[in-house]
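What follows is a single structure, written as structure tokens, with notes after it.
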Amino acid sequence: MKSETFRKQALSLIVFFVAIAAVFALTRLRSDPAGKQAQTILTLLLSSSDAVEPAADDSYTASEPGLVQVDDGGFAAFYQAQFGDCMTQQCLEKLLANRLPTRIASLSGQPAGLTLQKRSGADHCYDFSADQQAADGTTTASVTGTITMVKEDGAWKASDLTLNLK
1 MKSETFRKQA LSLIVFFVAI AAVFALTRLR SDPAGKQAQT ILTLLLSSSD AVEPAADDSY
61 TASEPGLVQV DDGGFAAFYQ AQFGDCMTQQ CLEKLLANRL PTRIASLSGQ PAGLTLQKRS
121 GADHCYDFSA DQQAADGTTT ASVTGTITMV KEDGAWKASD LTLNLK
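Per the working numbering, the very first residue in the sequence shown carries number 1; after that it's consecutive.
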């Protein structure tokens, strides 16, 4: 009788530990490191609107009286320093070519309500949306777009990014 009670307790313990292991396995499957990194990048990018303006000021040089020439060096240096570890070089170059820093500089405030949704049928591509809010809580802009992530040198990096302002 003691051995039967012992077996039931042992079986209960085994079932308990198997259930705990299953919960941990499911939690790991649900975690999405690419999505988490995408959210971090977007938060950093959309929060950088205040820092972009000095980089923009550094990129304008007067070449002749009355003419202003734009040198992307200020933008490139700023974005390389801020995002070089979390975006591919091609993504950074595309951001500069599409004049994304100018659009980000036009945003005032900080991102609020950032949502990220994995695009169906696309590996590591996410649709996102966020509102930019001023310090007083008013919405200054709405932002939507997509971000595509790739694993490069063991880290998740943005490889493509689109940004639409409303």
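The beta-carbon is built from N, C-alpha and C at its ideal position, and this holds for glycine as well.
Subject >> Pair within 8 Å by beta-carbon distance, residue 103 and residue 46 >> reply: no
Original post:
For the 8 Å Cβ check, are there 3 or more pairs between the segment 143 to 159 and the segment 37 to 44?
Top reply: yes
Original post:
For residue 36, which three-state DSSP category applies?
Top reply: helix
**OP:** Using only alpha-carbon positions, find the residue among 43, 123, 83 and 110 that is nearest to residue 134.
**Re:** 110
Subject >> Continuous alpha helix (DSSP H) stretch holding residue 157: start and end >> reply: Not the alpha helix (DSSP H): residue 157 falls in the beta strand (DSSP E), residues 155 to 165.
**OP:** Look up residue 126 in the DSSP assignment and give the residues it is bridged to.
**Re:** 118 and 147
**OP:** Drop a sphere of 10 angstroms on the beta-carbon of residue 159, count the other beta-carbons inside from all chains shown, and report buried for 16 or more, exposed for fewer.
**Re:** buried
Original post:
In this structure, what does DSSP give as the bridge partners for residue 48?
Top reply: DSSP links residue 48 through a beta bridge to no other residue.
Subject >> Where residue 97 falls: helix, strand or coil (DSSP) >> reply: helix
**OP:** Classify residue 44 as buried or exposed, calling it buried when 16 or more other Cβ atoms lie within 10 Å of its own Cβ.
**Re:** exposed
Original post:
Going by the beta-carbon positions, is the gap between residue 42 and residue 95 smaller than 8 Å?
Top reply: no
Original post:
Short check: CB of residue 202 to CB of residue 128, under 8 Å?
Top reply: In the structure displayed, the chain extends from 1 to 166; residue 202 sits before or after that span and is not available.
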